[in-house]
Structures are given as structure tokens and as C-alpha cells.
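Some notes on the structure that comes next.
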Amino acid sequence: MEKKSLPFCGQPQDGQPSETPPSDKNQRSAAGKPQLSKPTTRKTAPRQPTGRKRVERKMSESKHAFLLNRIAEVRVQQGLSLRTVSRRTGLPVRELRVQERPSANLSLKDLHIWKEALEVPLEHLLIDRDLSICQSIQSRASLVKIMKTVASVREIVVSQRLIRMLDMLKHQLVELMPELSTVRAWQTNANRRPQDELGRMAVDPILLGELSFQLD
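In the numbering used here, the protein residues as written are 292 to 507.
Encoded structure:
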């Protein structure tokens with residue numbers, strides 16, 4: 292009897308292709324680089340900011356811009372959304388979002404529409420350009436008055452403890468405003484003229500005829 296030789300595993304028989312999958316070495320030699328599976332990343336939709344956060348972001352973005360109105364701030368204070376304002380005014384939300392930007396230059400008609408929708412006075416929607424200057428002048432004038440009062444009390448106080456406290460208060464005021472170091476006390480030692488005494492103009496009057504004018 293003739294013995295038939297069995298084919299080795301992985302070797303094809305005569306006339307039949309090989310059914311064994313190629314090895315990793317064959318894949319690397321064929322492609323040049325090993326094939327690595329890419330990890331799948333799950334994309335999540337970004338959260339939309341709320342109305343208050345959106346307004347705060349607009350205010351922070353336009354912090355260094357030229358501010359003209361405070362419509363968005365007043366709208367948030369009134370507790371109204373852009374959809375509510377859109378229903379009251381009949382304007383689209385996109386247009387209202389552009390108009391409520393602090394740097395938006397609106398016409399008087401647009402400001403009147405926002406005034407009626409938010410139910411606030413018109414001056415509440417505007418930003419006074421001289422407001423910060425007026426506040427600075429008022430604060431400086433108040434500090435001058437406080438320093439004059441401190442200096443006046445310092446002149447009449449006898450207690451050493453109160454004197455030290457007044458000196459400390461004066462030093463703190465000078466730190467806030469260095470110009471206060473030359474401020475004097477209120478003038479209280481002036482003698483008041485009696486009713487029967489005439490003023491300086493009555494004692495030594497000026498005669499117009501004695502005046503001479505030189506015209507160039």
C-alpha cells in the first residue's frame with residue numbers, strides 16, 4: 292500500500308489557495324507600519340449659556356469698548372427674556388440681541404421701543420459719560436470737608452487719646468488723597484461785624500471820577 296503524505300497545517304494543497312490569515316509580520320511588511328485601531332471619541336454638544344451669563348459675557352467683552360447704553364443690564368434686572376421683549380415689540384430676537392449690546396448706537400426711536408418694552412424711564416437705558424467724573428469730584432469734595440472737620444476738632448480737643456485718634460484719621464485721609472495734607476480747619480475765629488458798624492465800602496468809598504482808564 293502506498294502511504295499518502297498529509298499536508299502540514301498552514302500549507303496549501305496542490306491547486307488550492309491557503310485559507311490561513313496572514314500573520315502580523317506579513318501585515319507589517321506589506322503596509323510598512325502596524326495598523327492601530329483609532330479610539331473612538333464621543334462628541335458632546337457644548338452647553339448654551341444662560342441669559343444672565345450671556346449678558347455678563349457681553350459686558351466683559353465690551354469692557355474696554357465705548358459704552359453707550361445699559362439695555363441688557365436693565366433687561367436682566369427686570370427679569371425679562373429676549374423672547375418676552377420680542378413678543379412685546381414685534382422685533383426678532385436676533386435684532387434685539389444686536390441692539391442690546393452696550394456699544395450699539397441706537398436711534399431715539401429704538402430707545403423708545405426698549406423703554407416701552409422694559410417699562411423703565413428712558414434715562415435708565417443710557418450711560419452718562421460725565422457720571423464717573425462727577426462722582427470723582429463729589430468724592431474729593433467730601434474728603435476735603437471731612438479733613439476740615441478733623442482739623443477743627445483737633446484744635447479744640449484736649450484728651451491725648453482723642454488727639455492720637457484724630458491724627459491717625461488724618462493720616463488715613465492723606466493716604467486716600469495726598470492733597471489733603473494742606474487742608475486747614477473750618478474758619479470759626481472771624482469776628483462778625485455789628486449791625487451799627489458800616490462796611491469797608493462805606494468808610495472808604497471809591498469815586499468813579501477819580502478813576503482813570505488807559506486804553507491801548
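Here a beta-carbon is modelled for each residue, glycine too, at the ideal position from N, C-alpha and C.
These numbers were taken from a predicted model, which means no experiment stands behind them.
Simplified DSSP assignment, three categories, for residue i
i	result
residue 382	coil
residue 371	coil
residue 416	helix
Cα-Cα separation between residue i and residue j, rounded to whole angstroms
i	j	result
residue 320	residue 385	Any answer about residue 320 is weak, because its pLDDT of 47 lies below 50 and its placement is not dependable; what the coordinates show is given next. Looking at the two C-alpha atoms, the distance is approximately 59 angstroms.
residue 451	residue 470	26 angstroms
residue 440	residue 447	11 angstroms
residue 411	residue 403	10 angstroms
residue 475	residue 498	38 angstroms
residue 372	residue 429	36 angstroms
residue 432	residue 398	36 angstroms
residue 392	residue 401	13 angstroms
residue 378	residue 436	52 angstroms
Limits of the alpha helix (DSSP H) - the one that residue i falls within
i	result
residue 465	451 to 467
residue 477	Here residue 477 belongs to no alpha helix (DSSP H), and DSSP marks it neither H nor E.
residue 408	399 to 409
Residues near residue i in its chain [Cβ-Cβ closer than 6 angstroms; skip 5 each side]
i	result
residue 477	439, 443
Residues near residue i by beta carbon distance below 8 angstroms, same chain, minus five either side
i	result
residue 434	464, 467, 468, 471
residue 458	445
residue 460	441
Cβ-based neighbour list, residue i, same chain, cut-off 7 angstroms, excluding 5 preceding and 5 following
i	result
residue 365	409, 411, 415, 416
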